[in-house]
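Working notes, structure below.
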Amino acid sequence: MTFVVTEACIACRYGECVAVCPQNAFHEGPNFVVIDPRACANCGLCEMVCPVQAIRPAADLAQRDWLELNARLAVQWPVAVDTQPLADADAYAFDTAKRERLILQP
Numbered sequence: 289m290t291f292v293v294t295e296a297c298i299a300c301r302y303g304e305c306v307a308v309c310p311q312n313a314f315h316e317g318p319n320f321v322v323i324d325p326r327a328c329a330n331c332g333l334c335e336m337v338c339p340v341q342a343i344r345p346a347a348d349l350a351q352r353d354w355l356e357l358n359a360r361l362a363v364q365w366p367v368a369v370d371t372q373p374l375a376d377a378d379a380y381a382f383d384t385a386k387r388e389r390l391i392l393q394p
């Protein structure tokens, strides 16, 4: 089982998950992070520290397209190193239906 970043992270990208990941499995995009399912150690630390509960076990995920999106973007985006929250993260933290805000290219 791997973990997957879901819609709640879009426009926030707080970064606590990146800081605790022992495998450097996170990749950072313009306003979202994703987990490389091949690198994920399945430890669950990222899920525990996410302030917006955007990280879920892939096995429990109702929307399988998030797992596919994480895998696809992980090969396109650089490994996340020192991810900081976006300037307006708090304003979007608990918004729903944020998929249209996802920026795929820098």
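Start counting the sequence shown at 289; every next residue gets the next number (the numbering used here). We put the CB at the ideal spot given by N, CA and C, even for glycine.
When DSSP states are grouped into helix, strand and coil, Arg-389 belongs to the helix group. The continuous beta strand (DSSP E) containing Val-293 extends over residues 291 to 293. In this structure, DSSP gives Arg-360 a helical state, which the three-state scheme calls helix.
Judged by pairs of C-beta atoms under 8 Å, the region 322 to 331 does not touch the region 369 to 378, as fewer than three such pairs exist. The beta carbons of Cys-338 and Glu-316 sit no closer together than 9 Å. If you look at Val-367, you'll find it isn't in any alpha helix (DSSP H); DSSP assigns it neither H nor E. Within the same chain, Cβ atoms closer than 8 Å to the Cβ of Leu-357 are found at Val-322, the five residues on either side in sequence being excluded.
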